[in-house]
Amino acid sequence: MKERGKIVGLLLTLTLSVVVLLLLFGTTPFLHLKTNMFGKSDDVQKDIFNTYWNAKYDSTVLHSGSMNYPYGEEVSYTGCQTFVSAPLQWIRRAGWGDYSRYTLLLMNLILIIAILACPLFLYLIFHELKVAEWLAVVAAALITFFSPQMGRVSAHLTLAYLFIVPCAVYLFLRWWTTRRVSYSVWIALLSFFAMLAHPYYIVFIGAMWAMVWLFFFLSGRRGEEPVWKSVCHCLLQMGVPVLLFVCMLKAASTDGVRALLPIGFYDFNGSLLGTFFPNGRFGLPKLVRWEGLVWIGLLAMAVFVVGLVKTVAKICRREWRELLRVTDNEFLNLMFWTSVLVLLFSYGIPLLWFPLRFLAHLGPLGQFRALGRFGWFFFFMMNIVAVYTAANQIRSLRFPLKITVSVLVVGALMADVVALGVQYKFRKVNVNPSLIFSDIDNKLPENQWVDKINTADYQSVLPLSYFSVGSEHLNLSMSNEDFCRAFYVSAKTGLPMHSIHASRSVISQIYNNLALARSPYLPFAVLSDLPDRRPILLTAPAGAWIHDEESKLLHYATPLFTANGIEFYKMEIAAFHQYEVDFQKEISCFADSCSRFEVSPNVFCSDSASRFVLRTLDEKPAAMKFVGNGAAEHCVTSWETVYDGCPNLSGTVEISFLLSDYLDARSGYYKFRAVRLAPDGKEIACVDGGVSEVFNGWARVSFNMLDVNSSDHIVVSVWNRLRGKDCPVSVDNLLLRQEEVHVVNGDGTIRLLDNRLVK
Numbered sequence: 000m001k002e003r004g005k006i007v008g009l010l011l012t013l014t015l016s017v018v019v020l021l022l023l024f025g026t027t028p029f030l031h032l033k034t035n036m037f038g039k040s041d042d043v044q045k046d047i048f049n050t051y052w053n054a055k056y057d058s059t060v061l062h063s064g065s066m067n068y069p070y071g072e073e074v075s076y077t078g079c080q081t082f083v084s085a086p087l088q089w090i091r092r093a094g095w096g097d098y099s100r101y102t103l104l105l106m107n108l109i110l111i112i113a114i115l116a117c118p119l120f121l122y123l124i125f126h127e128l129k130v131a132e133w134l135a136v137v138a139a140a141l142i143t144f145f146s147p148q149m150g151r152v153s154a155h156l157t158l159a160y161l162f163i164v165p166c167a168v169y170l171f172l173r174w175w176t177t178r179r180v181s182y183s184v185w186i187a188l189l190s191f192f193a194m195l196a197h198p199y200y201i202v203f204i205g206a207m208w209a210m211v212w213l214f215f216f217l218s219g220r221r222g223e224e225p226v227w228k229s230v231c232h233c234l235l236q237m238g239v240p241v242l243l244f245v246c247m248l249k250a251a252s253t254d255g256v257r258a259l260l261p262i263g264f265y266d267f268n269g270s271l272l273g274t275f276f277p278n279g280r281f282g283l284p285k286l287v288r289w290e291g292l293v294w295i296g297l298l299a300m301a302v303f304v305v306g307l308v309k310t311v312a313k314i315c316r317r318e319w320r321e322l323l324r325v326t327d328n329e330f331l332n333l334m335f336w337t338s339v340l341v342l343l344f345s346y347g348i349p350l351l352w353f354p355l356r357f358l359a360h361l362g363p364l365g366q367f368r369a370l371g372r373f374g375w376f377f378f379f380m381m382n383i384v385a386v387y388t389a390a391n392q393i394r395s396l397r398f399p400l401k402i403t404v405s406v407l408v409v410g411a412l413m414a415d416v417v418a419l420g421v422q423y424k425f426r427k428v429n430v431n432p433s434l435i436f437s438d439i440d441n442k443l444p445e446n447q448w449v450d451k452i453n454t455a456d457y458q459s460v461l462p463l464s465y466f467s468v469g470s471e472h473l474n475l476s477m478s479n480e481d482f483c484r485a486f487y488v489s490a491k492t493g494l495p496m497h498s499i500h501a502s503r504s505v506i507s508q509i510y511n512n513l514a515l516a517r518s519p520y521l522p523f524a525v526l527s528d529l530p531d532r533r534p535i536l537l538t539a540p541a542g543a544w545i546h547d548e549e550s551k552l553l554h555y556a557t558p559l560f561t562a563n564g565i566e567f568y569k570m571e572i573a574a575f576h577q578y579e580v581d582f583q584k585e586i587s588c589f590a591d592s593c594s595r596f597e598v599s600p601n602v603f604c605s606d607s608a609s610r611f612v613l614r615t616l617d618e619k620p621a622a623m624k625f626v627g628n629g630a631a632e633h634c635v636t637s638w639e640t641v642y643d644g645c646p647n648l649s650g651t652v653e654i655s656f657l658l659s660d661y662l663d664a665r666s667g668y669y670k671f672r673a674v675r676l677a678p679d680g681k682e683i684a685c686v687d688g689g690v691s692e693v694f695n696g697w698a699r700v701s702f703n704m705l706d707v708n709s710s711d712h713i714v715v716s717v718w719n720r721l722r723g724k725d726c727p728v729s730v731d732n733l734l735l736r737q738e739e740v741h742v743v744n745g746d747g748t749i750r751l752l753d754n755r756l757v758k
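See the structure below:
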């Protein structure tokens, strides 16, 4: 009878959840699962594209060839959902048919199932806690739909797998009360799936596991159970899945230096304001970044405030043993305080108490830059505690007041669901048909261009404008429409892209591919890494602006046709080499023409007035120097000034210098800044610099500062908190010049034009 009641409760919870889902999203998700995306952000498109590519074209599950050609990338960095692509790929390789056309359908189905499974596990938790059935059903359904993870539906699909945290809590709760091996197995399976879905989840489950076992051994709950049996449970739950996942990563590992730490530890943290203030809801302003949005809800907030008052009262009465008793349930208290610790971690505590370079020694933990996401665990536990507390309170009340409090509880939960729906406008995010899946067989007129290309004649596609996102060194982004077009061409043709949209890419590889799309100041390194001499397919947006240096590349390509607003070109490998030779010859001749006026030994310029400032820094001997006899060594531990002076220049001024050791794993945390000051010291303008080329590990850092006056003071600074005093870098050949002036200098073996290598 009890099991029948649980089944009825689950069915009612599922029914109510489907109703709420339909009210929030409309019917579109259910009618167009095969062709429509839940959002149009570049992250959504990237995940879908890489999963589809891995299923349809790749020959191995663990390595993706979709981007960063010819190197490819480990699937764990691409957003590929291997639990979708792997079965489809295995079926294709076994010769049983190509079912990759169902990739988007499966991804959408899994997403919807992951959302609808969340209220089911919440209900099971409430059922175990003996919450009234009606409240368990209603609360489980409503809490799900104002979870902060709901905002991920249109952005990071796997981060919208809402069921993972409640499922883990439920499984640990059942194991806590039964000690069955079956629950340890389920915890292990969930842990492995969670790591495949997104590594952030394993921190939630790992925290639960660590606290459960710490309390289990320290509190004496083990009782008469043999130690070996407890150890087996412990290792099975977390040790086995982590070991399998690490082995999988090692099997897919590729050579190359990646950024030691991603950018964001100081930007994407949680905060008290993000947790306890309804940012962007109920007509209130949004005061924190998106990653820090973890509003716990009206009911949870009310219970939290009451609990805080009671805690203060306990402290005043010196009831120290009662401080940790949030409820009368031992397991619930343990999970709640675990979530509080994880919440503090989401605030950057204690990581941000240490220098950033300390994080470089944290290993995999250092890769979790969006710390604010770890507040999701507290969201669920605070709401579970709130419902449990409210249920106990309602149970103790008399009839009229019982109804009033029940209405207030349900009303608070409903208000939060409505507020989230208004904030994210879910009905608008799921009307985005995918160019790839809307006509998978290319029968529509707009896709007939695919038949015009014999893909076997090409080895790759180079989309222009070129994009490179996720390396932590280079961030050349595009509009969502441009990303979509690039993914669309690659998916339709089966040609891998030289561009990349992934995470923690190999630093040297991204600059090799960048040079292919931009001017060849150095020989195209990537050409020597190509597997054969087949042409490369170039694409460019029809009638739209592309980078000036990319447009030069098109002069060496053969136009093919235009379709769907995309221009297609054929580029022979020999044409790349010819472009390289012609460019080097042109730039060398230009450097010769700019060497009319000798300013000092080995320093020439195109302007007799010498409207530039050049610091060769030869007077400073250094172990690392690019040109000449010296360079300035700097221990960059925070903001380090590399130039401070009045250059007596006007108009548009380009500032550039050469920075050593840029392909090091610690280089992703560089920031470059130039500040223009008036004679009275007042700041007029501030511009950020970027890296345009990298040669032999040296980066050319450049800034463009507009409307400079001859009396202005300029300060140029470099920022990095990973290198430390034991890892100095060299700055060489610092140059400030007016836009119309060009400077040539060298040392007999190296010649530079405006800090660019020329022959």
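Residue numbers (numbering that gives the first Met the number 0): 0 to 758.
The beta-carbon is built from N, C-alpha and C at its ideal position, and this holds for glycine as well.
In the three-state DSSP reduction, W185 falls in the helix class (H, G or I). In the three-state reduction of the DSSP assignment, W375 falls in the helix class. Per DSSP, reduced to three states, the secondary structure at R503 is coil, with no helix or strand assignment. A621 places its beta carbon less than 8 Å from that of A630. Within the same chain, and ignoring the five residues on either side of P284 in sequence, the residues whose Cβ sits closer than 8 Å to its Cβ are N278. Between the alpha carbons of V18 and Y669 lies a gap of roughly 49 Å. In this structure, L434 sits away from Y520, with a CB-CB distance that is not shorter than 8 Å. Sixteen is the threshold: since fewer than 16 other Cβ atoms of the shown chains lie within 10 Å of the Cβ of D679, the residue is exposed.
Per DSSP, E585 is one residue of the alpha helix (DSSP H) stretching across I572 to S592.
Distances from the alpha-carbon of P534 to those of K569, Y555 and H712 put K569 closest.
Judged by DSSP secondary structure, T492 falls within the alpha helix (DSSP H) whose first and last residues are N479 to T492.
Scanning the stretch 630–684 from its first residue to its last, the whole beta strand (DSSP E) runs of 3-plus residues come out as 631–633, 638–644, 650–658 and 670–676.
In this structure, V137 sits away from W175, with a CB-CB distance that is not shorter than 8 Å.
Two segments are said to touch when three or more pairs of C-beta atoms, one from each, lie closer than 8 Å; by this definition the stretch 725–739 does not touch the stretch 572–592. Shown here, Q458 sits in coil according to DSSP, grouped into three states, outside any helix or strand.
Exposure of T14 is indicated by the presence of fewer than 16 other C-beta atoms within 10 angstroms of its C-beta. Judged by DSSP secondary structure, H712 falls within the beta strand (DSSP E) whose first and last residues are H712 to W718.
In this structure, the CA atom of D617 is about 59 Å from the CA atom of L103.
Using a 10 angstroms sphere on the CB of G374, the tally of other CB atoms reaches 16 or more, which defines it as buried. Exclusion of the five residues before and after T561 leaves A541 and F567 as the residues of its chain whose Cβ lies within less than 8 Å of its Cβ. Residue pairing by DSSP places T557 opposite K569 in a beta bridge. If you draw a straight line from the Cα of V707 to the Cα of T651, it comes to about 6 Å. Exclusion of the five residues before and after L248 leaves S75 as the residues of its chain whose Cβ lies within less than 7 Å of its Cβ. Contact annotation: the stretch 133–151 does not touch the stretch 88–102, with fewer than three C-beta pairs closer than 8 Å. Around the beta-carbon of I204, 16 or more other beta-carbon atoms lie within 10 Å, marking it buried.
Comparing alpha-carbon positions, the option among M477, S659 and F162 lying closest to A539 turns out to be M477. The secondary-structure analysis by DSSP pairs P540 across a beta bridge with I565. Annotation: the stretch 38–126 contains the following complete segments of the alpha helix (DSSP H) (minimum length 4 residues), in chain order: 41–55 and 81–92. Between A139 and F125, the C-beta gap is smaller than 8 Å, which places the two residues in contact. For the pair A159 and V168, the CB atoms are not nearer than the 8 Å cut-off. About 16 Å separates the beta carbon of N382 from that of I114, a gap too long to meet the 8 Å contact definition.
C-alpha of G627 to C-alpha of F589: approximately 22 Å in a straight line.
Going by beta carbons, R614 and L657 fall outside the 8 Å limit.
The shortest CA-to-CA distance from A418 to any of T26, K39 and G150 is the one to G150. Taking a C-beta distance under 8 Å as the contact criterion, I506 and V690 do not qualify as a contact pair. With contacts defined by Cβ atoms closer than 8 Å, I654 and S701 form a contacting pair.
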